[in-house]
Amino acid sequence: MSNSVCDLFPNQALAFYFKGIANEHLNNYAEAISAYKQAMLMSRSYLALLLELHYRLADTYTKNSEFDNALDIVNKGLNIAQGKNTDLLELKGDIYFKKGMKTDALNAWKEAQSKGSKDADLQRKISTQSL
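Taking our numbering, the leading residue of the sequence shown gets 753, the next gets one more, and so forth.
Below you can see the structure in the form of structure tokens.
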């Protein structure tokens, strides 16, 4: 179904965004990554969607155990957001933790907290120093 939507609206970033979400939920990570990348190319002027796509793409790379690619995408998103996106900062910590870099993970989580995140899950990660 998502392919037909993208065929009908080939220049709409949201069609590819939703295709990525559908494939991610089906554990079709390669297809999700491809869809998110296509959506990113089309959404350069829509900052909120662009940052969400960076988050989704990095999270999908993480689910596929591609941690270096995930960190690269998170850092690009943080660069766009001027370091102020707490969701990306928290995800950065999660990726560091999964790579075994616990000090870096804790620092990223604390930075997300210092930038204003009140997320209860983030607070738990900081207090337990684990995912």
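Glycine is no exception: its CB is placed at the ideal position from the N, C-alpha and C atoms.
Thinking C-beta only, is lysine 836 closer than 8 Å to leucine 809?
On the sequence shown, residue 809 is found 57 positions in, with the first residue counted as 1. On the sequence shown, residue 836 is found 84 positions in, with the first residue counted as 1. No, the pair does not count as a contact, with Cβ atoms beyond the cut-off.
Which term fits threonine 812, buried or exposed, when burial requires 16 or more other beta carbons within 10 angstroms of its beta carbon?
As a position in the sequence shown, residue 812 is number 60, starting the count at 1. Label assigned to threonine 812: buried.
From Arg796, Gln881 and Ala784, pick the residue whose C-alpha is nearest to that of asparagine 763; which is it?
Reading the sequence shown from its first residue, position 11 is the one you call residue 763. Of Arg796, Gln881 and Ala784, the residue nearest in Cα terms is Arg796.
Please tell me whether leucine 805 and isoleucine 832 are closer than 8 Å, where the distance is taken between their beta carbons.
For the purposes of this step, residue 805 is taken as the residue at position 53 of the sequence shown. For the purposes of this step, residue 832 is taken as the residue at position 80 of the sequence shown. Going by C-beta atoms, leucine 805 is not nearer than 8 Å to isoleucine 832.
Glutamine 865 to lysine 854, Cα distance in whole Å?
Taking the first residue of the sequence shown as 1, we reach residue 865 at position 113. Taking the first residue of the sequence shown as 1, we reach residue 854 at position 102. Their Cα atoms are separated by approximately 16 Å.
Of the residues Lys815, Leu841 and Leu874, which one's Cα is nearest the Cα of glutamate 776?
Translated into positions along the sequence shown, residue 776 becomes position 24. The shortest Cα separation from glutamate 776 among Lys815, Leu841 and Leu874 belongs to Lys815.
Assuming tyrosine 886 contacts alanine 791 under a Cβ cut-off of 8 Å, what Cβ separation, rounded to an integer in Å, is found between them?
Nothing can be reported for residue 886: it is not among the residues displayed for the chain, which extend from 753 to 883.
May I have the straight-line CA-CA distance separating glutamine 875 from leucine 840, to the nearest angstrom?
Along the sequence shown, one-based indexing puts residue 875 at 123. Along the sequence shown, one-based indexing puts residue 840 at 88. Between glutamine 875 and leucine 840, the C-alpha separation is close to 15 Å.
Nearest-angstrom Cα distance between lysine 870 and lysine 877?
Position 118 of the sequence shown, counting from 1, holds the residue named residue 870. Position 125 of the sequence shown, counting from 1, holds the residue named residue 877. Each residue's alpha carbon lies about 12 Å from the other.
Comparing alpha-carbon positions, which option in Ile785, Leu793 and Ala822 lies nearest phenylalanine 849?
For the purposes of this step, residue 849 is identified with residue 97 of the sequence shown, where counting begins at 1. Selected option, being the one with the closest Cα: Ala822.
Mind checking which residues open and close the alpha helix (DSSP H) that includes glutamate 776?
Along the sequence shown, read from residue 1 onward, the residue named residue 776 stands at position 24. Looking at the DSSP string, the run of the alpha helix (DSSP H) that includes glutamate 776 is 765-777.
Could you tell me which of Tyr807, Ser817 and Glu863 sits nearest to glycine 927, measuring between CA atoms?
The question about residue 927 has no answer, for the chain in this structure spans 753 to 883.
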